[in-house]
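J.: For the sequence shown, the positions run 0 to 347 when numbering that gives the first Met the number 0 is used. Note that CB positions come from ideal geometry on N, CA and C, so glycine has one too. Since this is a predicted model, take the numbers as computed values, not measurements.
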Amino acid sequence: MHTIKAWAAPATSKPLAPMTIERREPRPNDVVIDIQFCGVCHSDIHQARDEWSGAIFPMVPGHEIVGRVTRVGVEVTKFKVGDRAGVGCMVDSCRVCPPCVDGLEQFCEKGNAPTYNGTEMDRKTLTYGGYSTEVVVDERFVLRIPNGLDLAGAAPLLCAGITTYSPLRQWGCKAGDRVGVVGLGGLGHMAVKLAASMGAKVTVLSTSESKEADAHRLGATDFALTKGGSAFQRLAGKLDLIIDSVSAPHDYNAYLGLLRPRGAMVLVGAPPGAASLRPFSLIMGGRRLAGSLIGGIGETQEMLDHCAKHGVVSDVEVIPIQKINEAYERVLKSDVRYRFVIDIASLK
Ligand code: NAP
Ligand code: ZN
Ligand code: ZN
Numbered sequence: 000m001h002t003i004k005a006w007a008a009p010a011t012s013k014p015l016a017p018m019t020i021e022r023r024e025p026r027p028n029d030v031v032i033d034i035q036f037c038g039v040c041h042s043d044i045h046q047a048r049d050e051w052s053g054a055i056f057p058m059v060p061g062h063e064i065v066g067r068v069t070r071v072g073v074e075v076t077k078f079k080v081g082d083r084a085g086v087g088c089m090v091d092s093c094r095v096c097p098p099c100v101d102g103l104e105q106f107c108e109k110g111n112a113p114t115y116n117g118t119e120m121d122r123k124t125l126t127y128g129g130y131s132t133e134v135v136v137d138e139r140f141v142l143r144i145p146n147g148l149d150l151a152g153a154a155p156l157l158c159a160g161i162t163t164y165s166p167l168r169q170w171g172c173k174a175g176d177r178v179g180v181v182g183l184g185g186l187g188h189m190a191v192k193l194a195a196s197m198g199a200k201v202t203v204l205s206t207s208e209s210k211e212a213d214a215h216r217l218g219a220t221d222f223a224l225t226k227g228g229s230a231f232q233r234l235a236g237k238l239d240l241i242i243d244s245v246s247a248p249h250d251y252n253a254y255l256g257l258l259r260p261r262g263a264m265v266l267v268g269a270p271p272g273a274a275s276l277r278p279f280s281l282i283m284g285g286r287r288l289a290g291s292l293i294g295g296i297g298e299t300q301e302m303l304d305h306c307a308k309h310g311v312v313s314d315v316e317v318i319p320i321q322k323i324n325e326a327y328e329r330v331l332k333s334d335v336r337y338r339f340v341i342d343i344a345s346l347k
């Protein structure tokens, strides 16, 4: 074991502060990554505030990790020292259950090992995330970051990117489809860029008037302000697919009305608590409501390669770790354009 620097939430809703953590010495299949950038996902905030319950403190958040390989175990074949590497929301899974075998490690029947706020598969060793200088992960859960991608801009692809790419693929997004993206934050802006890169016509549905110009710059062809309600009449029955990335409770029924018959709305935003659903919101038009959780490791690599091919990265505001508590407050006010990314050099 060796000691490294990190920032952690010491207890529920307490400001993040410096601490040290232990990382293991590399096992034969491990890759040691010197972390250069780590994205700030709204899930970091939900968990640091224990909004989904079951949080483990002290918590080192961060699951949008990119950096350089500094050491590899003797059996590692995919990576060598100096390579660019990334880690997303999982660091291990059972590897043998049907979902794992199918490349759906996020649905591992034993429960995967989350990058933080959980344990390794031994169910004892706590995991700590990317608000830290180094991470040690089995190569099966390490992603290759294609050389063409800006490293800071690539960090959010490890969660925001795959979380929006996966439902677009699952629901067969193709050229000419009309895709609605609800909420233009970290996930939402990646949904816009990725749907546009697949040839879809994207409508952004937002509560923030100030984001209209950005929505067009990011690749949307249409912007609808959801405050006031007229957007719901104008777009009724028009959309093939909706990706809902909103982090706070809101009325799903209103958005379901925007789908064409048999269209689908996929929830990726995870506000705490229960939502109310009118059965007729689904029955009329045979509409479908679904959810999606990040993506498997193979699909995450496919997404990174797709992004390299289409020149897609996240729009980032790079911050030193010392600004993390302020950044959380700004995310909560929807005041981020469009992802904070921590420059881990500020921690070293
Ligand atoms: P974010 O950057 O804060 O974006 C959320 C956006 O939702 C905001 O920018 C805002 O967009 C909109 N919004 C916020 N409060 C709202 C309200 N009260 N009513 C309507 N719209 C509101 O967050 P993020 O990092 O993209 O994450 C979004 C959600 O996805 C979080 O709940 C997160 O935990 C979840 N998540 C899920 C997965 C998964 O695998 N399913 C993975 C990662 C994250 P406008 O200003 O445009 O309205
Ligand atoms: Zn995330
Ligand atoms: Zn499994």
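Pick helix, strand or coil for Thr114, following the three-state DSSP scheme.
T.: coil
J.: Which first and last residues belong to the beta strand (DSSP E) in which Ala7 is found?
T.: Start and end: His1 to Ala7.
J.: Can you tell me the Cβ-Cβ gap for Ala153 and Gly85, rounded? I've got them flagged as a contact below 8 Å.
T.: 7 Å
J.: Any idea which residues DSSP pairs Val335 with across the strands?
T.: Answer is none; Val335 lacks a bridge partner.
J.: Does the Cβ-Cβ distance between Val135 and Asp29 come in under 8 Å?
T.: yes
J.: In whole angstroms, give me the CA-to-CA distance for Ile408 and Ala344.
T.: Since the first residue of the chain shown is 0 and the last is 347, residue 408 is not available in this structure.
J.: With a Cβ-Cβ cutoff of 8 Å, do Val181 and Val201 count as a contact?
T.: no
J.: Please list the terminal residues of the continuous alpha helix (DSSP H) segment that includes Ser165.
T.: Where Ser165 is concerned, the enclosing alpha helix (DSSP H) stretches over Ala159 to Gln169.
J.: Among all the DSSP beta bridges, which residues are the ones paired with Cys37?
T.: Ile64 and Ile341
J.: If you draw a straight line from the alpha carbon of Gly290 to that of Pro278, how long is it in whole angstroms?
T.: 17 Å
J.: Strictly by DSSP, which residues pair up with Trp316?
T.: In the sequence on display, residue 316 carries Glu and not Trp. Glu316 pairs with Phe339.
J.: Take Asp342 as the anchor and find which of Asp49, Ala47 and Tyr130 has the nearest alpha-carbon.
T.: Tyr130
J.: Relative to ligand 3, is the shortest distance from any of its heavy atoms to the C-beta of Ser12 smaller than 7 Å?
T.: no
J.: Go ahead and label Ala47 buried or exposed: buried means 16 or more other beta carbons lie within 10 angstroms of its beta carbon, across all protein chains shown.
T.: buried
J.: So which residues put a beta carbon under 5 Å from any heavy atom of ligand 2, going in chain order?
T.: Cys40, Ser42 and Cys158
J.: Let's see if you can read the secondary structure: which residues bound the beta strand (DSSP E) around Lys348?
T.: Limits of the chain in this structure are 0 at one end and 347 at the other, which puts residue 348 out of reach.
J.: Excluding five sequence neighbours on each side, which residues of the same chain lie with their C-beta closer than 7 Å to the C-beta of Cys99?
T.: Ser92, Cys93 and Cys107
J.: Please confirm whether any heavy atom of ligand 3 lies closer than 7 Å to the CB of Glu108.
T.: yes
J.: Going along the chain, which residues of its own chain have a beta-carbon closer than 8 Å to the beta-carbon of Thr220, five neighbours each way excluded?
T.: Lys200, Val201 and Thr202
J.: Entirely within the stretch 191-266 and at least 4 residues each: give me those alpha helix (DSSP H) ranges in chain order.
T.: 211-217, 229-233 and 251-255
J.: Any idea if Trp6 is buried or exposed, counting beta-carbon neighbours within 10 angstroms, 16 or more meaning buried?
T.: buried
J.: Need the endpoints of the alpha helix (DSSP H) that Gly297 sits in, please.
T.: Ile296 to His309
J.: Check whether the Cβ of Lys210 lies closer than 7 Å to any heavy atom of ligand 1, and answer yes or no.
T.: yes
J.: Do Phe140 and Val90 have their beta-carbon atoms positioned less than 8 Å apart in this structure?
T.: yes
J.: Under 7 Å: does the beta carbon of Val95 sit that close to some heavy atom of ligand 3?
T.: yes
J.: Here's the rule: buried if 16 or more other CB atoms are within 10 angstroms of the residue's CB, otherwise exposed. What is Asn146?
T.: Asn146 should be labelled exposed.
J.: Can you name the start and end residues of the beta strand (DSSP E) that Gly290 belongs to?
T.: Arg287 to Gly290
J.: Taking the beta carbon of Ser52 as the centre, do at least 16 other beta carbons fall within 10 Å, making it buried, or is it exposed?
T.: exposed
J.: Report yes if the C-beta of Cys88 is less than 7 Å from at least one heavy atom of ligand 3; otherwise report no.
T.: Cys88 has its CB no nearer than 7 Å to any heavy atom of ligand 3.
J.: Our contact map puts Phe78 next to Val65 with C-beta atoms below 8 Å; I'd like the distance itself, whole angstroms only.
T.: Incorrect: roughly 13 Å between the Cβ atoms, too far for contact.
J.: May I ask you to check if the CB of Ser205 is nearer than 7 Å to at least one heavy atom of ligand 1?
T.: yes
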